[in-house]
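J.: Quick note, the sequences are listed as chains R and X, same order. Just so you know, the first sequence maps onto residues 1 to 115 in this note's numbering. Just so you know, the second sequence maps onto residues 116 to 228 in this note's numbering. The beta-carbon is built from N, C-alpha and C at its ideal position, and this holds for glycine as well. Here's a structure for you.
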Amino acid sequence: EAGVTQFPSHSVIEKGQTVTLRCDPISGHDNLYWYRRVMGKEIKFLLHFVKESKQDESGMPNNRFLAERTGGTYSTLKVQPAELEDSGVYFCASSLVGALWDEQYFGPGTRLTVT
Amino acid sequence: GNSVTQMEGPVTLSEEAFLTINCTYTATGYPSLFWYVQYPGEGLQLLLKATKADDKGSNKGFEATYRKETTSFHLEKGSVQVSDSAVYFCALNYGGSQGNLIFGKGTKLSVKP
């Protein structure tokens, strides 16, 4: 069974540019999460999809971030325009049930560097 | 609010040494507790979990017990190996919106032969 995949693995962009990150969850997992780890800080929750619907987007830092999950399969996270403080590692995770005891399966992350 | 505090690293041990990584939490209600591990170049993977007080999670020789009275979930292993070198994250899920994990900062472990 394929795990959670993320693309690209690394992106370097200039301030003001746009970047789109992609996440493919494990097949059959309705729950999809985005997290971010800024250098030296904790991994922070960004948002949670159940199928194609946003269940919780309370962690999205501002309106420069837009997440979509059309058709309830893969998800994209767009940052437009990117700022220096957006640099970090963006993780995607998926789970089957979404309950508090449920294991979340993480992708390898996308390392975003904004210069 | 809900939070996780784990010991700062890095931690460097010799092979076969005893490992403890401390983790304490603050949470409303009855959260589930997790330890995730990130090996070099890989994503996070679940190491073990406990879903209620006094539960012990265990996997690959690692153990952690959910202590409600001390709000702790310390990770232990009796004899570490070089292959255990990784970053370890303590996390909780209080079910605030059915699945959001709250993480500690991570502890980098290096095991020397």
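Should Q80(R) be flagged as near chain X, meaning a C-beta pair shorter than 8 angstroms?
T.: False, the Cβ-Cβ gap to chain X never drops below 8 angstroms.
J.: Give me the Cα-Cα distance between D56(R) and V202(X), rounded to the nearest whole angstrom.
T.: About 28 angstroms.
J.: T18(R): which of S94(R), L66(R) and P61(R) sits nearest, CA to CA?
T.: Answer by Cα proximity: L66(R).
J.: Could you round the C-beta distance between L46(R) and K54(R) to whole angstroms and report it? I think they count as a contact, below 8 angstroms.
T.: With 8 angstroms as the limit, L46(R) and K54(R) do not qualify as a contact, their Cβ atoms being about 11 angstroms apart.
J.: Looking only at its chain, what residues have a beta carbon closer than 6 angstroms to the beta carbon of K51(R), apart from the 5 residues adjacent to it on each side?
T.: So the list reads D30 and G72, once near-sequence residues are dropped.
J.: Look at the Cβ atom of K192(X), then the Cβ atom of L134(X), and state whether they are nearer than 8 angstroms.
T.: Against a cut-off of 8 angstroms, the Cβ pair of L134(X) and K192(X) comes out as a contact.
J.: Can a CB atom of chain X be found closer than 8 angstroms to the CB of G28(R)?
T.: Not an interface residue.
J.: Taking a contact to mean a Cβ-Cβ separation below 8 angstroms, would you say T139(X) touches N117(X) in this structure?
T.: No, they are not a contact pair.
J.: Kindly indicate which three-state DSSP category S53(R) falls into: helix, strand or coil?
T.: Of the three classes helix, strand and coil, the one that applies to S53(R) here is strand, per DSSP.
J.: Quickly, what does DSSP pair R36(R) with across the bridge? List them, please.
T.: K44(R) and Y90(R).
J.: Are the Cβ atoms of T115(R) and E14(R) separated by less than 8 angstroms?
T.: It is a contact, given that the beta carbons lie within the stated cut-off.
J.: If you run the structure through DSSP and keep just helix, strand and coil, what is V202(X)?
T.: V202(X): strand per DSSP, three-state reduction.
J.: With a threshold of 16 other CB atoms inside 10 Å of the CB of P228(X), please say whether the residue is buried or exposed.
T.: Label assigned to P228(X): exposed.
J.: Would you say S147(X) faces chain R, with C-beta separation under 8 angstroms as the test?
T.: Output row for S147(X): interface = yes.
J.: Can you tell me the Cα-Cα spacing of Y151(X) and M60(R), whole angstroms?
T.: Near 23 angstroms, if we compare the C-alpha coordinates of M60(R) and Y151(X).
J.: Does T166(X) have its Cβ less than 8 angstroms from a Cβ in chain R?
T.: For T166(X), the answer is yes, since a Cβ of chain R falls inside 8 angstroms of its Cβ.
J.: Could you tell me the alpha carbon to alpha carbon distance between L99(R) and S200(X), rounded to whole angstroms?
T.: The sequence given here has Ala at residue 99(R), not Leu. Each residue's alpha carbon lies about 30 angstroms from the other.
J.: So if I threshold CB-CB distances at 9 angstroms, which residues from the segment 34–45 of chain R count as touching chain X?
T.: Within the segment 34–45 of chain R, the qualifying residues are Y35, R37, G40, K41, E42, I43, K44 and F45.
J.: For D24(R), which residues in chain X fall below 8 angstroms Cβ to Cβ?
T.: Result: empty, since nearest Cβ-Cβ is about 13 angstroms, beyond 8 angstroms.
J.: Take P108(R) as the anchor and find which of W101(R), A93(R) and D102(R) has the nearest alpha-carbon.
T.: Out of W101(R), A93(R) and D102(R), A93(R) has the C-alpha closest to the C-alpha of P108(R).
J.: Using a Cβ-Cβ cut-off of 7 angstroms (strictly less than) and excluding sequence neighbours within five positions of I217(X), which residues of its own chain qualify?
T.: Taken in chain order, the residues that qualify are N117, S118, V119, A206 and L207.
J.: Whose C-beta lies closer than 7 angstroms to the C-beta of V122(X) among residues of the same chain, with five residues either side of it excluded?
T.: Just to set this straight, residue 122(X) is Met in the shown sequence, not Val. If we look at M122(X) and ignore the five residues flanking it on each side, its Cβ neighbours are I136, N137 and T222.
J.: Compare the beta carbon distance of T70(R) and L21(R) with 8 angstroms and say whether it is the shorter of the two.
T.: Cβ atoms of T70(R) and L21(R): not closer than 8 angstroms.
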